[in-house]
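Everything below concerns the one structure shown next.
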Amino acid sequence: MRIRTPFLTVFAMLAMASVVHAQTPEPPTDLVVSDTPDDAGQSVEVDWSLSGTDIFNPLNTNAKETSPEVIVATYAIERKVLNGHGADVSDEDTHWRKVSEAGAGESHWTDRSVNLGWTYDYRVCAIDNQGDASSWCDAQNAVTPSMQLFNSSKAWLAIFMLIFGVF
Numbered sequence: 001m002r003i004r005t006p007f008l009t010v011f012a013m014l015a016m017a018s019v020v021h022a023q024t025p026e027p028p029t030d031l032v033v034s035d036t037p038d039d040a041g042q043s044v045e046v047d048w049s050l051s052g053t054d055i056f057n058p059l060n061t062n063a064k065e066t067s068p069e070v071i072v073a074t075y076a077i078e079r080k081v082l083n084g085h086g087a088d089v090s091d092e093d094t095h096w097r098k099v100s101e102a103g104a105g106e107s108h109w110t111d112r113s114v115n116l117g118w119t120y121d122y123r124v125c126a127i128d129n130q131g132d133a134s135s136w137c138d139a140q141n142a143v144t145p146s147m148q149l150f151n152s153s154k155a156w157l158a159i160f161m162l163i164f165g166v167f
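The numbering of the sequence shown is the working numbering, which starts it at 1 and goes up by one.
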């Protein structure tokens, strides 16, 4: 009996330590996805607000007090296809699949691997230095990339051609 007491004490301490370690970073917030303007429908913009445990978050005024175990190291970005609009969509694409990672302090990513006319849903989570993930932040809306007929960033060229093209 006497031999088991220290073993049980050590076991109990380890069990309590693993429960204490189960902290996770705060999730990112305000995930917004949108069609990239002035393109041929080949990309989607993904933007979110940084996690409260991201030390690069300017709103985190208590960065010095943030536990090193829950400081954000990366953000995982996942995507799934909601509608292929008549095209064959693989079963793998209809489930959540990791498409990228963004580093701590980053709150924007451009997905350049989308198909024109397909509808996508996105979600993002924060991952700390221990590899623990926060809960997911889902996009407020789904997005369907579309082709713009006129590239407004090149409007100056159209005006130039109209003015000087008649001479």
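Positions of the beta carbon are idealized from the N, C-alpha and C atoms, including for glycine.
Being a predicted model, the structure only gives us computed values, none of them experimental.
Query	Result
Member of E106, T53 and V33 whose CA lies at the smallest distance from the CA of K80	V33
Own chain partners of T36 with C-beta closer than 6 Å, once the 5 adjacent residues on each side are dropped	S43 and E45
Cut-off 7 Å between Cβ atoms - residues of its own chain near S107, not counting five sequence neighbours on either side	D47, W48, S49 and L50
Ordered list of beta strand (DSSP E) runs contained in the region 40-73, each at least 3 residues	44-49
Proximity below 8 Å, CB of A126 to CB of P25	yes
Between the CA atoms of T144 and G105 - distance to the nearest angstrom	27 Å
Distance, T53 Cα to I71 Cα	5 Å
Identified DSSP bridge partners for T24	Note: T24 sits in no beta bridge, so no partner.
Length of the line joining the Cα atoms of W96 and E65	34 Å
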